[in-house]
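Participant: Residue numbers (this note's numbering): 17 to 483.
Take a look at the following structure, please.
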Ligand SMILES: Nc1ncnc2c1ncn2[C@@H]1O[C@H](COP(=O)(O)OP(=O)(O)OP(=O)(O)O)[C@@H](O)[C@H]1O
């Protein structure tokens, strides 16, 4: 990453371009604090793609920029011609971070440079935060899916005051994300000052009798057993973050009360007469499908729209298996900060292929169980895996991974013919990739004839073409 004041970006012009467009953009960016370096050599983390028509050449240039950096490069697409309707969305889908149209006004170059520079500065600041110890030690993982999630969490936490709704399976890191939002909320620039409170309330464990007091607090004598006055979560979270875990479990009467407090930014203690002001940022998490709860009438639509100012969904571990080993190293460091523990190849394979219904929490506990059995120096070995968790030799297939994948497809409403087709297509793609595109060897791997694979690659009788 470049120094704090100089921002370096690479420019990738795609011909044909209007005369002087690239030079004008470079000059304007220079004035806005962005130093543009030639496109050749190692690309910087920020790139500007300049084109006047969206054709194969421009698409190839974007694809090269996006794949070059494994998702670590933010590419700004600048079009100085006409961009057909909806093409902008295709550019985003292809990996561009944003698309700017060159204004036709006389000062078009200055304007586009200012707009471009604002985005490049923001993306650099987001990237710097993502690389900070605070973020990397809190949310471990470098898979593209995880980086995309962390990038958006960092941006919304540090640059906005929006309420955040985090949905996802158990153990995917929802609470961890809430903690990071709190950290970035009080240290927006990554600084060390600030003491905004983080108040956590688990809505699934609230007893109906005490829930009101948990939120509102109470005055002495407000109810039997209220020996002393007490602050509730609304008071404690003032100036900071109120994190409502399992918000989908909140009973309807409390949903109405919570909505009123969010709207009016004031509340009364139970048994009290005085309105107390409070301002907090609401972060909610749930593994329920809140849209379905709203449709079923168990969650208020008006509250849903208040808490879901910005939504994020940490992906389950099976969708980011590339993060398993970094997470394992992280948990081993937490268990034993004084020693670097290695894994022998069989343990590594075991951890990579095991299924984790409880996601990252499941992985953390699995690592802990293996580590607890380990003794002495040297790598963790398969003998350290607890006996009841060991793989059976020649384990049967289809295994849990396959079952999980099919269940996921069924949950999405995919039909049996489409599942079968996708399984066959995936097997062929993998075999061809494993055999570097050699049809004969890939066919042998698949257990089908050379000709059958060839027919499928040509899209006959019903298969797509493979390359
Ligand atoms: N990306 C991550 N990096 C490091 N640790 C993580 C990460 N994600 C989750 N963890 C760890 O996994 C465990 C479970 O995470 P967390 O409690 O945030 O999950 P959750 O989605 O809130 O679960 P639940 O829905 O069951 O409450 C915690 O110990 C947390 O520290």
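Here a beta-carbon is modelled for each residue, glycine too, at the ideal position from N, C-alpha and C.
Considering only residues of the same chain and omitting the five flanking positions on each side of residue 266, which have a CB-CB separation below 6 Å?
Facilitator: Excluding sequence neighbours, residue 266 sits near 219.
Participant: At which residue ranges does the segment 177 to 224 contain complete alpha helix (DSSP H) runs of 4 or more residues, listed in the order of the chain?
Facilitator: 190 to 202
Participant: Based on the DSSP secondary-structure assignment, which residues constitute the bridge partners of residue 25?
Facilitator: 52
Participant: Helix, strand or coil: how does DSSP classify residue 165 here?
Facilitator: helix
Participant: What is the rounded straight-line gap between the Cα of residue 208 and the Cα of residue 353?
Facilitator: Because the pLDDT at residue 208 is just 43, under 50, the model does not fix this residue reliably, and the value given afterwards should be weighed accordingly. Answer to the nearest angstrom: the Cα atoms are 24 Å apart.
Participant: Name the residue from 418, 149, 434 and 473 whose alpha carbon lies nearest to the alpha carbon of residue 334.
Facilitator: 418
Participant: Are the CB atoms of residue 271 and residue 316 within a distance shorter than 8 Å?
Facilitator: yes
Participant: Please report the straight-line C-alpha distance between residue 96 and residue 142, rounded to a whole angstrom.
Facilitator: 27 Å
Participant: Taking buried to mean at least 16 other C-beta atoms within 10 Å of its own C-beta, is residue 391 buried or exposed?
Facilitator: exposed
Participant: Would you identify the three-state DSSP class for residue 470, choosing helix, strand or coil?
Facilitator: helix
Participant: What number of angstroms, rounded off, separates the C-alpha of residue 313 from the C-alpha of residue 268?
Facilitator: 9 Å
Participant: When you compare the CB positions of residue 359 and residue 376, do they come within less than 8 Å of one another, or not?
Facilitator: At the C-beta level, residue 359 and residue 376 stay beyond 8 Å of one another.
Participant: Going along the chain, which residues of its own chain have a beta-carbon closer than 6 Å to the beta-carbon of residue 327, five neighbours each way excluded?
Facilitator: 181
Participant: Near residue 30, what residues of its chain come up, given a Cβ to Cβ distance below 6 Å and the 5 sequence neighbours on each side ignored?
Facilitator: Excluding its 5 nearest sequence neighbours in each direction, residue 30 has C-beta neighbours in its own chain below 6 Å: 67, 73, 74 and 77, listed in chain order.
Participant: Would you list the residues sitting across from residue 453 in a DSSP beta bridge?
Facilitator: In the DSSP output, where bridge partners are listed per residue, residue 453 has none listed.
Participant: So, with DSSP's three-state summary, where would you put residue 302?
Facilitator: strand
Participant: Going residue by residue through the segment 280 to 345, where are the continuous beta strand (DSSP E) segments of at least 3 residues, counting only ones entirely within it?
Facilitator: 297 to 302 and 326 to 328
Participant: From the DSSP secondary-structure annotation, give me the bridge partner or partners of residue 246.
Facilitator: 234
Participant: State the Cα-Cα distance for the pair residue 159 and residue 147, rounded to the nearest angstrom.
Facilitator: 14 Å
Participant: Is it a yes or a no for the segment 174 to 193 touching the segment 282 to 292, going by three-plus beta-carbon pairs under 8 Å?
Facilitator: no
Participant: Return helix, strand or coil for residue 441, following the three-state DSSP convention.
Facilitator: helix
Participant: Do residue 191 and residue 303 come within 8 Å of each other at the CB atom, strictly closer than that value?
Facilitator: no
Participant: Which stretch, first to last residue, makes up the beta strand (DSSP E) that contains residue 261?
Facilitator: Its beta strand (DSSP E) spans residues 257 to 261.
Participant: Compare the Cα-Cα distances from residue 424 to each of 318, 444, 331 and 458 and report the closest residue.
Facilitator: 331
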